[in-house]
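Residue numbers (this note's numbering): 223 to 524.
The beta-carbon is built from N, C-alpha and C at its ideal position, and this holds for glycine as well.
Report on the structure given below.
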């Protein structure tokens with residue numbers, strides 16, 4: 223099924239509860255709980271995370287890279303944009319088509335998701351989320367995978383919102399996310415027990431994941447724990463996938479993305495793991511010092 227070229231328009235007060243930008247509904251950042259499309263801004267991200275900054279030739283190459291378009295729920299926004307820094311830190315939960323695939327390497331299961339009505343099937347028979355409007359794709363699920371990002375501030379017209387998650391639904395979703403995170407931690411602990419029983423015994427009664435780094439799997443768990451601590455003041459758990467799939471250093475600089483309300487693209491929703499593979503390539507360049515000339519830009523799309 224193709225996405226509709228004419229995205230539905232919604233002016234429901236349920237999706238404007240957090241707006242305080244005048245009567246016209248225009249603002250510098252997307253409305254919280256709105257459904258948005260977004261893609262990595264390669265030029266801004268590479269300039270912020272690599273040294274030296276991109277040359278004009280590299281910028282031209284980066285600007286032509288075909289970024290994948292993802293869709294998600296804007297869960298929260300932290301801070302305000304400034305002229306010197308027009309990006310807004312936020313947290314987005316990905317939306318997928320079909321149940322998310324199982325991934326034993328990352329300790330992720332299809333049940334770590336919630337169906338979005340009219341989709342009803344779920345391994346745990348979870349009640350579907352009812353958005354203000356149906357999405358233009360079939361078989362949609364809200365994944366428990368999230369990412370902390372920086373959205374480029376621009377003019378967002380809330381009258382153009384296609385769909386949003388009502389706040390009562392958002393409150394219902396929170397304990398399900400915590401349940402998924404508990405399941406994932408148990409899977410990580412079980413895997414650690416098979417590889418290092420002493421390490422697993424040390425972490426079985428801990429609220430956070432183990433701090434020791436005796437093997438690669440435990441190092442990944444420690445990276446997740448670092449994000450939990452960094453975002454201790456936020457409502458939700460930290461950015462799980464970013465830490466699992468990225469380099470070993472803490473994400474002091476977040477990926478920068480462009481975002482918009484129009485859901486007429488993409489035609490199909492990509493696997494969220496592809497987003498983190500893109501981030502992984504960017505962070506690899508950062509770890510290598512950003513050398514390599516124009517080829518460093520082409521590596522992102524490889």
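With DSSP as the reference, label residue 402 as helix, strand or coil. In the displayed model, residue 402 falls within a helix according to three-state DSSP.
So what does DSSP say about residue 255, is it helix, strand or coil? Correct three-state label for residue 255: coil.
Supposed contact pair residue 312 and residue 296 - C-beta distance, whole angstroms, cut 8 Å: Taking the Cβ atoms as the reference, residue 296 lies roughly 6 Å from residue 312, within the contact range of under 8 Å.
Quick check on DSSP: helix, strand or coil for residue 348? Residue state, collapsed to three classes: coil.
Measure from the C-beta of residue 417 to each C-beta in chain B and report whether the shortest distance is under 9 Å. Absent from the structure: chain B. Only one protein chain is present.
With three or more C-beta pairs closer than 8 Å as the rule, is the stretch 478-494 touching the stretch 310-329? Yes, since at least three Cβ pairs between the stretch 310-329 and the stretch 478-494 fall closer than 8 Å, the two stretches touch.
Could you name the residues of the same chain whose beta carbon sits closer than 6 Å to that of residue 455, not counting the 5 residues immediately before and after it, in chain order? Because the pLDDT at residue 455 is just 40, under 50, the model does not fix this residue reliably, and the point stays unresolved.
Proximity winner among 379, 291 and 480, relative to residue 486 (alpha-carbon distances): Shortest Cα-Cα distance from residue 486 to any of 379, 291 and 480 involves 291.
Bridge-paired residues (DSSP) for residue 481: Its beta-bridge partners are 260.
Pairwise C-alpha distance: residue 378 and residue 505: Straight-line measurement puts the Cα of residue 378 at about 29 Å from the Cα of residue 505.
Same chain, Cβ closer than 7 Å to residue 308, five either side skipped, listed in chain order: Only 374 and 375 meet the Cβ criterion.
Member of 250, 332 and 400 whose CA lies at the smallest distance from the CA of residue 300: Restricting attention to 250, 332 and 400, the CA atom closest to the CA of residue 300 is found in 250.
Residue 369 and residue 334 - do their beta-carbons sit closer together than 9 Å? With respect to residue 369, residue 334 sits apart: the two C-beta atoms are not nearer than 9 Å.
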